[in-house]
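Numbering (the UniProt record's numbering), first residue to last: 1 to 503. All residues carry an ideal CB built from backbone N, CA and C; glycine is no exception. Only a predicted model underlies this, so the values are computations on that prediction, with no experimental measurement involved. Data block below; observations after.
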Amino acid sequence: MSLFLRPSFSKGIPNTFLRKKRKWPHSPYKTKWHHLFDQQQAMQNLKQLASSPPPSQIQGKTQNPNKTPYLLSCLVTSFKAYDCEPTTGAYRFLVKTLTQNSQFTELDLVLLHLQNFEKFETPERLFSDLIRIYGDNGMFREAIDLFFRIPKFRCVPTVCSLNSLLSILCRNEEYIQLVPEILTRCRIMNVRIDESSFSILISTLCRIRKVDYAIKLLNSIIDDGFEPDRKVYSLILSSLCKQKATSSSQVIGFLREMKRVKLCLSIVDFCNVIRYLLTKGKNIDAFGILNDMKTEGIKPDITCYTMVLNGVIEEGDFIRAEELFDEILIFGLIPDVNTYNVYINGLCKQDKVEEGYKMIGWMENLGCKPNSETYKIVLEAFCKLREFNRAGEIWREMKLKGAQNLHAYRIMVCALIRRSEIVEAFQLIEEMVNRGFVPSSSTIEEMISVMCKAGFVAEALLMLRKVFDHAIVLQAGAWEALLLGLKLNPGLTNATLANLVNT
DNA sequence: TTAGGGTTAG
């Protein structure tokens, strides 16, 4: 206050108004400043009161839910003390504090007070935030009621609060069904829906795998003159690609449609289409999409190339695979471990396993560390060619580098069994189980089946014992193989069996 | 540069 008096004193003019009226002179500037200052003081006071527990709680009494909640009375008294009207900020503070403490009964009374006793226009933001909070707490009915009550708070609901409501309802299986009715009521209330609301609805339809409906809605809003953004199209495309029942003509058709409406297609869109085509075995079409990308001016990244390279190799088109690998390098892309794995697999498919093995050295020199899968590919290829000595060498290298994994163990165990090195195979199974590589039931089934066919029924039973120790559930196939093995080995006496099972 | 997305074969 002294700051205000200083200028008049410094000029030596006596403040006669103050002396005569014993009141501060009013200037619009001072009034506004004072008003804001008072509100700030009241707000500070409110926060201070809120941080200390209410007297009833100190005395250990429970509050009467019908009485004015403590925080609300703090708000009223604080602002009264400074002779000013409560601000929206104060109410937002109350809403935040009460919702954080899950005091929703108190919150209802605060809202009622805001609705009936205040005069100011409540900002819509308060409602959209509260609707989200209600949604997070599973209070969908309260959220809907609040939305339709907004006009009572001297506020015009717009698409902002509607979108809040739509996004929470669309996340709930039960309340999602109320969305059409709510949209109809909104039309009566003159709440203008725009692209953002449709985007919520389309995303929801995609999420619940009703992509056909999403496309229908997209088409109908375009007819109504709306211009959905690229993200909506991308989402539909990605959902189409994820849906098993989608035909490739549907996917390609939608991609064409995106091009037709002159949307700026992204690398993700192309990537999704490529992945979809590859899963459908349309490897050559996937290669075509990669070329389309380039003509559209989008540089495919290493992931796109790796996927397409794999498709081309699957087709057995090794010349094109070589060209593609060269193209990766020419474009300045750095192949990563996945790319090398795909490429090495291609070499192995052509029985160029030694070349594949050499590639591991080259990739290491180029700073790309091979992983367990890299070795596994080569290991498996050597086993397939029955080059067990080379496989053994790879296995030892893998051991040195700690690159053994579950698949590699499975391959080695099967290779040993095929070579009738049953003792070694057992040792390896023991080792893998001890190292935490629990074989899957299908692996066990495969091992038991191989063992039984090779006549090692007793050993297969021993393995069964190990399997039980690890609580692995066996599929019917394993039991079948065992029974067949037992039938083929009548020499296996009951005593031997009992001995094996009790080991 | 990142985002999200990628590899075997039984």
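Could you check how far apart the C-beta atoms of Cys241 and Asn219 are, in whole angstroms? I think they sit under 8 angstroms.
Going by Cβ atoms, the distance from Cys241 to Asn219 rounds to 19 angstroms, so no, they are not a contact pair.
For Thr88, collect the residues of the same chain with a Cβ closer than 8 angstroms to its Cβ; drop the 5 residues on either side in sequence, then sort them by chain order.
Excluding residues within five positions, the ones whose Cβ falls inside 8 angstroms are Phe120, Thr122, Pro123, Leu126.
Exercise. Report the rounded CA-to-CA distance for Leu464 versus Ile411, giving the unit in angstroms.
Key: Each residue's alpha carbon lies about 19 angstroms from the other.
Exposure label - Leu400; buried when at least 16 CB within 10 Å: Exposed, by the Cβ-count rule.
Selected residue, minimal CA-CA separation from Asp108, among Met139, Pro228, Gln39, Lys216:
Nearest C-alpha to Asp108: Met139.
Problem - For Leu461 and Leu483, the rounded distance between their alpha carbons - result: Spanning the two alpha carbons is a distance of roughly 11 angstroms.
Practice item. Have a look at Leu237, Ala458, Leu98 and flag the residue whose alpha-carbon is nearest the alpha-carbon of Ile422. Key: Considering only alpha carbons, the answer is Ala458.
**Message:** Rounded to the nearest angstrom, what separates Val450 and Tyr375 at their Cα positions?
**Reply:** The alpha-carbon of Val450 is positioned some 24 angstroms away from that of Tyr375.
In chain order, which continuous runs of the alpha helix (DSSP H) of length 4 or greater are located wholly inside the region 117–169? Inside the region 117–169, DSSP marks whole alpha helix (DSSP H) runs of 4 or more residues at positions 124–136, 140–149, 159–169, from first to last along the chain.
Of the choices Gly311, Glu327, Val353, whose alpha-carbon is the least far from that of Lys294?
Relative to Lys294, the option among Gly311, Glu327, Val353 whose CA is nearest is Glu327.
query: When the Cβ atoms of the region 172–182 are set against those of the region 211–225, are three or more pairs found closer than 8 angstroms?
result: As far as the Cβ criterion goes, the region 172–182 does not touch the region 211–225, which means the pair count is below three.
**Prompt:** Which class does Thr68 belong to by DSSP, given the choice of helix, strand or coil?
**Reply:** When secondary structure is reduced to three states using DSSP, Thr68 falls in the coil class, being assigned neither helix nor strand.
According to DSSP, is Ile429 helix, strand or coil?
-> Correct three-state label for Ile429: helix.
> For Tyr82, does the three-state DSSP call read helix, strand or coil?
Replying inline: Secondary structure at Tyr82: coil, using DSSP grouped into helix, strand and coil.
Please state whether DSSP places Lys210 in a helix, a strand or coil.
Under the three-state reduction of DSSP output, Lys210 falls in the coil class, being neither helix nor strand.
Worksheet entry | Backbone secondary structure at Gln404 - three-state DSSP | DSSP places Gln404 in coil when its eight states are reduced to three.
_If distances are taken between C-alpha atoms only, which option among Gly225, Asp223, Met258, Ile394 comes closest to Ser238?_
Nearest in C-alpha terms to Ser238, of all of Gly225, Asp223, Met258, Ile394, is Met258.
Please return the same chain residues whose Cβ sits closer than 6 angstroms to the Cβ of Ile221, not counting the five positions on each side in sequence.
Hits under 6 angstroms: Phe198.
Can you grab the Cα-Cα spacing for the pair Thr105 / Thr279, in whole Å?
One Cα belongs to Thr105, the other to Thr279, and the distance between them is close to 53 angstroms.
### Task
Taking all protein chains shown into account, decide if Phe331 is buried (16 or more other Cβ within 10 angstroms of its Cβ) or exposed.
Exposed, because fewer than 16 other Cβ atoms sit within 10 Å of the Cβ of Phe331.
- Short Cβ contact (8 angstroms threshold) for Phe147 with Glu195: With respect to Glu195, Phe147 sits apart: the two C-beta atoms are not nearer than 8 angstroms.
Point to revise | Cβ neighbour criterion (16 or more within 10 Å) applied to Gln48 | key: Burial call: exposed.
>> Is it buried or exposed, Thr339, if we count other Cβ atoms within 10 angstroms and call 16 or more buried?
In response: Counting C-beta atoms within 10 angstroms of its own C-beta, Thr339 has 16 or more neighbours from the protein chains shown and is therefore classed as buried.
DSSP three-state label for Leu112, please. Helix at Leu112.
### Query
Whole-angstrom Cβ separation of Phe325 and Val308, contact assumed at under 8 angstroms?
Between Val308 and Phe325 the Cβ distance is about 11 angstroms, and since that is not below 8 angstroms, they are no contact.
Just to confirm, is the Cβ distance from Val353 to Val312 under 8 angstroms? No.
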